[in-house]
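Everything below concerns the one structure shown next.
Protein chains in written order, with the numbering used here: chain Z, 1 to 230; chain L, 1 to 230.
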C-alpha cells in the first residue's frame, strides 16, 4: 500500500482531499498544525476527521506562527474582515503553505512516502499566492532537491509529488466530489472566526465561499452558524 | 537601512554570515530555532552572538522536529557518529533547511525585508542536500511565488533574495573571512554532540570539519573540547 501524507486543516477542502486519497488506495498519514490560529475549532475538527477516516497516524505539530504575526489569523489585534476586500486579504498568513508543506516534506521523508496531498484551490479562494499552481510546481521542484530521498531517488516515481486534486475546480465541484465520496461535511469547520464550539460567523471570506458552494452544488449546508450570522 | 533576516544557528558559519551582512550595511534580524536538537548549547551560543552583534531583533522559534524524527540530531535513540561515514549521514535532519528558510521567508515578509542570509556551505560540509546551490536557487524561485510580497513586487530588487555568501568557499576561507571581520569564534558551538556547557566532542563530523578549518586557516582554535576528545 502506498503511503501518502495528507495536510488536514479540518476544513472542507482538506477532508475532501483526504477522502479522495483514501479512495485512490493510499495509506494516509495526516498532518495538522497548531499555529496560533484564531480558529482552533478547526483543529478539533481535524482530530475528529482523522479519527473518522482511521488514518495510519495523525501528527499535530506545534509551530508558533503568532511569533511572526502579520495576519488576522495569527494576530488577535487584527480583525477578520466581515466583508469582501480588494487584493490579498489580511487573513493571508505569511509563508503558511510553504511552512506547512516543508513539514509535510520532512514527515514524508521519514515515512519513506513519495506522495503529499494538499487541498489548495485557486478558483473559489481568497487570492492567497501560496494556493496557485505555479507555487505548487516550484515547491515540488525545490522539494526534489531538498531531501536525501530526492538525491537518492533513481527515477521519477521515487521522487516526491505534491498532489493538488482540487486546485482548478470550483467550491461547488469540490462539495459534489466529496458528497460522492461520502464525506460528512458536518465534521468540518471553515470559518476564520469560528467560536470554540466550531459555530461559524457566516460573514468572513471563508464562510461566504463555503455557503455559496453548498448553494451552487445543491447540497444541504450542514454548517452550524452563530446567531446573527446573516 | 536595508533589513535582512539572518539564520543564526550559533555555529561558526552562521556567525560569519551575520558579521558579513552587518559589514554590508544591513539592519539584521536574527532567527534561531529550538527544534529539539541534541546540541542545545548551540542555541545558547546563538543568543550570545545575537546580543554581541546588537541585532535589531532575535526570534527563537520553537518547532518540534523531534515529532517527525528521522535524524541523530533530533532523535536521542540514534547515536551521532564519531567517525567518517559514507553518503549522507544520519545527522541529516529531513527537510531542515527547507523548514528554516520557510520561517525566515514568513518573518522577512512581515518585516518587509527582501534579503535572507543563510550560512550554508557546499565545500567542507556533511553532504546534506539542502546545502547545495541548486537547492537554494530552487527555494528562491519558489519563495518569489509563495508570498504576497512576491506577487506585489514591481521589480527584481523588491523580490526576496536568498544570500549564501559561504556556499562555495572552504571552511578555512570562512574562518579567515570571519577573522578579518573581527568574529570571536569562542562564542560559537559547532559540535553535534556538545555538552550543556558547550564543550565539543572533537570527533563528530562537524568537529572534524571545524578543527581542520582552523588548522588550514592558521588561526588558533578557540574551541573548548571535553576531556578525551581526541
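Think of the CB as a built atom: it goes at the ideal place given N, C-alpha and C, for glycine as much as any other residue.
Just so you know, these numbers come straight off a predicted model, no measurement behind them.
Legend entry - Listed by chain order, chain Z residues near residue 106 of chain L by CB distance under 9 Å: Here residue 106 of chain L is taken as the residue at index 106 of the second chain, counted from 1. For the C-beta of residue 106 of chain L, the chain Z residues within less than 9 Å are, from N- to C-terminus, 65, 68, 70, 93, 94, 95, 96, 98 and 99.
Inset, instruction - Starting from residue 161 of chain L, follow its DSSP beta bridges and name the residues at the other end. - result: Residue 161 of chain L sits at position 161 when you count from the first residue of the second chain. L/115.
Legend entry - alpha helix (DSSP H) segment containing residue 171 of chain Z, residue limits: Taking the first chain and counting its residues from 1, the one referred to as residue 171 of chain Z is at position 171. Residue range 171-180 is occupied by the alpha helix (DSSP H) that includes residue 171 of chain Z.
Legend entry - Where residue 149 of chain Z falls, given that 16 or more other Cβ within 10 Å makes a residue buried: Sequence index remark: in the first chain, residue 149 of chain Z carries index 149 (1-based). So residue 149 of chain Z counts as buried.
Inset, instruction - Return the residues of the stretch 140-160 of chain L that lie within a Cβ-Cβ distance of less than 7 Å from chain Z, sorted by chain order. - result: Flagged, chain order: 141, 142, 145, 146, 147, 148, 150 and 151.
Legend entry - Between the CA atoms of residue 178 of chain L and residue 223 of chain L - distance to the nearest angstrom: For this step, residue 223 of chain L is matched to residue 223 along the second chain. For this step, residue 178 of chain L is matched to residue 178 along the second chain. Between residue 223 of chain L and residue 178 of chain L, the C-alpha separation is close to 15 Å.
Inset, instruction - Specify, as a first and last residue, the run of the beta strand (DSSP E) that residue 28 of chain Z falls within. - result: Within the first chain, residue 28 of chain Z is the residue found at index 28, counting from 1. Unbroken beta strand (DSSP E) run through residue 28 of chain Z: 27-34.
Inset, instruction - Report yes if the C-beta distance between residue 212 of chain Z and residue 115 of chain Z is below 8 Å; otherwise report no. - result: As a first step, residue 212 of chain Z must be located in the first chain, where it is residue number 212. As a first step, residue 115 of chain Z must be located in the first chain, where it is residue number 115. Against a cut-off of 8 Å, the Cβ pair of residue 115 of chain Z and residue 212 of chain Z comes out as no contact.
Inset, instruction - Please compile the residues from chain L whose C-beta is within a distance smaller than 8 Å of the C-beta of residue 129 of chain Z. - result: Along the first chain, one-based indexing puts residue 129 of chain Z at 129. Result: 145, 146, 147, 148, 150 and 151.
Inset, instruction - Would you kindly report the start and end of the unbroken alpha helix (DSSP H) that includes residue 61 of chain Z? - result: Taking the first chain and counting its residues from 1, one reaches residue 61 of chain Z at position 61. If you look at residue 61 of chain Z, you'll find it isn't in any alpha helix (DSSP H); it sits in the beta strand (DSSP E) that goes 57-62.
Legend entry - Three-way DSSP call (helix, strand, coil) for residue 125 of chain L in this model: By 1-based counting over the second chain, the position of residue 125 of chain L is 125. Here residue 125 of chain L carries a coil assignment [DSSP, helix/strand/coil].
Inset, instruction - At 7 Å on the CB atoms, spell out the chain Z contacts of residue 259 of chain L, in chain order. - result: Since the first residue of chain L shown is 1 and the last is 230, residue 259 of chain L is not available in this structure.
Legend entry - Counted within 10 angstroms of its Cβ, other Cβ atoms place residue 97 of chain Z as buried (16 or more) or exposed: Translated into the one-based positions of the first chain, residue 97 of chain Z becomes position 97. By the neighbour-count definition (other C-beta atoms within 10 Å, threshold 16), residue 97 of chain Z is a buried residue.
Inset, instruction - With 8 Å as the threshold, decide whether the Cβ of residue 59 of chain L is near any Cβ in chain Z. - result: Mapped onto the second chain, residue 59 of chain L falls at position 59. Interface residue, yes.
Inset, instruction - Give me the Cα-Cα distance between residue 129 of chain Z and residue 216 of chain Z, rounded to the nearest whole angstrom. - result: Your numbering for residue 129 of chain Z matches position 129 in the first chain. Your numbering for residue 216 of chain Z matches position 216 in the first chain. Each residue's CA atom was taken as its position, placing residue 129 of chain Z and residue 216 of chain Z some 25 Å apart.
Inset, instruction - Keeping to the same chain, check which residues put their C-beta closer than 8 Å to that of residue 19 of chain L; ignore five residues upstream and five downstream. - result: Taking the first residue of the second chain as 1, we reach residue 19 of chain L at position 19. Scanning its chain for C-beta atoms nearer than 8 Å, with the 5 sequence neighbours on each side dropped, one finds around residue 19 of chain L the residues 53, 178, 181, 182 and 183, in chain order.
Inset, instruction - Tell me whether the beta-carbon of residue 219 of chain L lies closer than 8 Å to the beta-carbon of residue 175 of chain L. - result: Start at 1 with the first residue of the second chain, and residue 219 of chain L comes out as number 219. Start at 1 with the first residue of the second chain, and residue 175 of chain L comes out as number 175. Cβ atoms of residue 219 of chain L and residue 175 of chain L: closer than 8 Å.
Inset, instruction - List the residues of chain Z that residue 110 of chain L touches, going by C-beta distances under 7 Å, in chain order. - result: In the second chain, counting from the first residue as 1, residue 110 of chain L sits at position 110. What residue 110 of chain L touches in chain Z: 68, 69, 70 and 94.
Legend entry - Stretch-stretch touch, CB-based, cutoff 8 Å, three pairs: the stretch 54-70 of chain Z with the stretch 61-76 of chain L: Touching, yes.
Inset, instruction - Can you say whether residue 42 of chain L is buried or exposed, counting buried as having 16 or more other CB atoms within 10 angstroms of its CB? - result: Stepping through the second chain from its first residue, residue 42 of chain L is reached at position 42. The residue is buried, with at least 16 neighbouring Cβ atoms inside 10 Å.
Inset, instruction - Look up residue 185 of chain Z in the DSSP assignment and give the residues it is bridged to. - result: In the first chain, the residue the question calls residue 185 of chain Z occupies position 185. Answer by DSSP bridge pairing: none, since residue 185 of chain Z is not bridged.
Legend entry - residue 157 of chain L versus L/113, L/40 and L/78, residue with shortest Cα-Cα distance: In the second chain, residue 157 of chain L corresponds to position 157, counting from 1. Of the listed residues, the one whose Cα sits closest to residue 157 of chain L is L/113.
Inset, instruction - Name the one or two DSSP bridge partners that residue 7 of chain Z has. - result: The residue labelled residue 7 of chain Z in the question sits at position 7 within the first chain. Answer is Z/31, bridged to residue 7 of chain Z.
Inset, instruction - Would you please verify whether the beta carbon of residue 134 of chain Z is less than 8 Å from any beta carbon of chain L? - result: The residue you call residue 134 of chain Z lines up with position 134 of the first chain. Yes, contact with chain L.
Legend entry - Under 9 Å by beta carbon: chain Z residues contacting residue 114 of chain L: In the second chain, counting from the first residue as 1, residue 114 of chain L sits at position 114. The premise fails here: residue 114 of chain L is roughly 13 Å from chain Z at the closest Cβ pair, so nothing lies under 9 Å.
Inset, instruction - In the DSSP assignment, find the unbroken alpha helix (DSSP H) run with residue 137 of chain L in it and report its ends. - result: If you number the second chain from 1, residue 137 of chain L lands on position 137. Its alpha helix (DSSP H) spans residues 133-146.
Legend entry - residue 37 of chain Z and residue 91 of chain Z closer than 8 Å at C-beta: Here residue 37 of chain Z is taken as the residue at index 37 of the first chain, counted from 1. Here residue 91 of chain Z is taken as the residue at index 91 of the first chain, counted from 1. Judged by their CB atoms, residue 37 of chain Z and residue 91 of chain Z are not nearer to each other than the 8 Å cut-off.
Inset, instruction - Give the DSSP bridge partners of residue 200 of chain L, in chain order. - result: Numbered from 1 along the second chain, position 200 holds the residue referred to as residue 200 of chain L. DSSP lists L/225 as the bridge partner or partners of residue 200 of chain L.
Inset, instruction - Let me know the secondary structure DSSP gives residue 68 of chain L once reduced to three states. - result: Translated into the one-based positions of the second chain, residue 68 of chain L becomes position 68. Coil at residue 68 of chain L, not helix or strand.
Legend entry - Option nearest residue 25 of chain L by Cα separation, candidates L/55, L/84, L/31 and L/11: What you label residue 25 of chain L is simply residue 25 of the second chain in a count that begins at 1. When each option's Cα is compared against that of residue 25 of chain L, the closest is L/55.
Legend entry - Closest by C-alpha distance to residue 198 of chain L, when choosing among L/39, L/84 and L/105: As a first step, residue 198 of chain L must be located in the second chain, where it is residue number 198. Of the residues L/39, L/84 and L/105, the one whose Cα lies closest to the Cα of residue 198 of chain L is L/39.
Inset, instruction - Below 8 Å CB to CB, which residues in the same chain sit around residue 64 of chain Z once its five sequence neighbours on both sides are set aside? - result: Here residue 64 of chain Z refers to the residue found at position 64 when the first chain is read from its first residue. Cβ within range, chain order: 35 and 36.
Inset, instruction - Please classify residue 241 of chain Z: is it buried, with 16 or more other beta-carbons within 10 angstroms of its beta-carbon, or exposed? - result: Residue coverage of chain Z in this structure runs from 1 to 230, which leaves residue 241 of chain Z outside it and unanswerable.
Legend entry - Under 9 Å by beta carbon: chain Z residues contacting residue 62 of chain L: Within the second chain, the letter at position 62 stands for residue 62 of chain L. Chain Z residues near residue 62 of chain L: 62, 63, 64 and 67.
Inset, instruction - Check residue 80 of chain L in the structure and name its three-state DSSP category. - result: Residue mapping note: residue 80 of chain L aligns to position 80 of the second chain, counting from 1. Here residue 80 of chain L sits in coil by DSSP.
Inset, instruction - Output, in chain order, the set of chain Z residues within a Cβ distance shorter than 7 Å of residue 102 of chain L. - result: In the second chain, residue 102 of chain L corresponds to position 102, counting from 1. Residues of chain Z passing the Cβ test: 95, 98, 99 and 102.
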